[in-house]
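Presented below is the structure to which this report refers.
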Amino acid sequence: MNPAPNLVLIGPMGAGKTSIGKRLAARLGLAFVDCDHRLEEVTGAAVPLIFECEGEAGFRARETALIAELMRGRGQLIATGGGAVLAEANRKQLAGRGFVVHLQVSVAQQIERLGRDRSRPLLAVGDKRAKLESLAVERGPIYRDLADLAFDADGLTVAIAAERLGALLEQRWQRTEAA
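Residue 57 in the UniProt record's numbering sits at position 57 of the sequence shown, and the numbers go up by one each step.
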């Protein structure tokens with residue numbers, strides 16, 4: 001058991017971090033924060049525009065600053081972007097003050113969920129399946145190493161996933177005021 005003041009969802013795009021996270025936050029009485037949406041609020045620009053103007057490096061720098069700020073809080077369910085775990089500084093922040101849940105999902109499920117989504121800069125060009133498979137190879141080990149709990153959300157509805165994950169968290173996550 002990892003006592004922590006915040007609950008953090010990590011995993012690939014299309015895993016359900018936002019949709020499951022909203023329901024789970026309501027169930028657990030936590031404030032819900034989606035990192036990408038918060039970044040858009042703070043900057044006044046959509047994630048694809050930030051990527052276009054500042055590149056992935058510029059986006060990641062903004063993401064790291066936001067995660068550091070968010071992790072100083074407590075009583076939050078924080079849904080990270082899929083690549084947030086790439087920066088060591090982010091991993092330290094997330095592990096230091098968060099109980100980290102890796103939402104697992106197959107590439108086939110990602111394709112189904114993201115098929116019409118045009119807001120993902122990393123999927124804007126080329127073969128989506130090949131890109132998602134490549135990201136899974138690159139990021140999968142990082143998600144596994146960082147996670148306090150892995151949860152297979154593949155094929156589950158949002159309601160069922162939130163219900164099952166909530167039940168697991170009641171057994172596994174000890175909320176604290178400080179980590």
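For glycine and all other residues, C-beta sits at the position ideal for the given N, C-alpha and C.
Asked	Found
What does Leu149 pair with, by DSSP beta-bridge criteria?	Val101
Could you check whether Glu133 and Val107 sit closer than 7 Å to each other, using their CB atoms as the reference points?	yes
Tell me whether the beta-carbon of Asn6 lies closer than 7 Å to the beta-carbon of Arg97.	yes
Would you say Leu77 and Phe32 are within 7 Å of each other, going by their C-beta atoms?	yes
Starting from the N-terminal side, write out each stretch of the alpha helix (DSSP H) that is 4 residues or longer and does not extend beyond the segment 27 to 80.	35 to 43, 47 to 71
Note down, in chain order, each residue of its chain lying with its Cβ closer than 8 Å to the Cβ of Gly166, except the 5 sequence neighbours on either side.	Leu24, Arg27, Leu28
Assign Asn90 to one of three DSSP states: helix, strand, or coil.	helix
Using 7 Å as the threshold, is the C-beta distance between Ala161 and Ala150 below it?	no
Per DSSP, what kind of secondary structure is Ala15 in: helix, strand or coil?	coil
Would DSSP call Leu168 helix, strand or coil?	helix
Helix, strand or coil: which one does DSSP assign to Leu156?	coil
With a threshold of 8 Å on Cβ separation, who are the neighbours of Val158 within its own chain once the five nearest residues in sequence on each side are excluded?	Gly16, Ser19, Ile20, Arg23
Within a Cβ cutoff of 8 Å, which residues of the same chain sit near Cys35, ignoring the five residues on either side of it in sequence?	Glu63, Leu66, Ile67, Leu70, Ile78, Ala79, Thr80, Gly81, Ala84
Can the beta-carbon of Val101 be found closer than 7 Å to that of Leu94?	no
Going by the beta-carbon positions, is the gap between Gly14 and Leu103 smaller than 7 Å?	no
For Gln109 and Pro3, I'd like the C-alpha separation in whole angstroms.	32 Å
Use the C-beta contact count for Ala147: other C-beta atoms within 10 angstroms, 16 or more gives buried, fewer gives exposed.	buried
Count the other CB atoms, across all protein chains shown, that sit within 10 Å of the CB of Arg72; report buried if there are 16 or more and exposed otherwise.	exposed
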